[in-house]
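Residue numbers (our numbering): 1247 to 1450.
Ideal Cβ placement from N, Cα and C applies to all residues, glycine included.
No experiment lies behind these values; they were computed from the predicted model shown.
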């Protein structure tokens, strides 16, 4: 398997650690005055499936959709996300759909897999372009960094897709290698071309 739309290791770790925190705090996600049962609409759900499978397609391991990523993300949208996060995620999906129609004259769903990948790479290059932080913006921390990019919603969407994949049963058992820690001391481990990443979570 490979992630078709590149993501660096630190960003992936941030996503996974954020998800672990989200799981622990899932029961505290309700915000008074918010719509606790807000959901993505049918078109957004279909687009989410396709975007997730474009970022993590099926290769020698299952795709994001096959790992249940879109369903889990949709459940988090309804049961955990704040109004601000919901707005960011739905806005990111809507902008992808609108940009695809403007760039290709077709809905994202009508594009071939190769066309989706080409479009999403261009869209991501613009969405994740660094921008100056807003005046007075918090500096953030290692676990919760402040992101200053053109489309923060797309950054959040991709971070969740990748984090949910690598915290799924498929991601942890088929894509990653589980490494019990603490384990035996191995001062040197040969790296081979087909070697998979280890599933042990940590900041480094």
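Beta-bridge partners of residue i, as assigned by DSSP
i, result
"residue 1444", "1423"
"residue 1376", "1395"
"residue 1386", "1391"
With 16 other Cβ atoms within 10 Å as the buried cut-off, status of residue i
i, result
"residue 1332", "buried"
"residue 1307", "buried"
"residue 1432", "exposed"
"residue 1437", "exposed"
"residue 1435", "exposed"
"residue 1386", "exposed"
Of the listed residues the options, nearest to residue i (C-alpha basis)
i, options, result
"residue 1220", "1314, 1287, 1392 and 1305", "Shown here, the chain extends from 1247 to 1450; a query on residue 1220 therefore has no answer."
"residue 1327", "1375, 1402 and 1443", "1402"
"residue 1292", "1304, 1435, 1311 and 1442", "1311"
"residue 1422", "1434, 1436, 1435 and 1443", "1443"
"residue 1417", "1289, 1294, 1309 and 1345", "1309"
Contact set for residue i: own chain, Cβ-Cβ below 8 Å, skip 5 residues either direction
i, result
"residue 1315", "1298, 1302, 1407, 1410, 1411 and 1414"
Close Cβ partners of residue i (< 7 Å) along its chain, the five nearest in sequence each way excluded
i, result
"residue 1313", "1411, 1414, 1416 and 1417"
"residue 1336", "1286 and 1290"
Which runs of the beta strand (DSSP E) fall wholly inside the stretch 1332 to 1374 and span at least 3 residues, in chain order?
-> none
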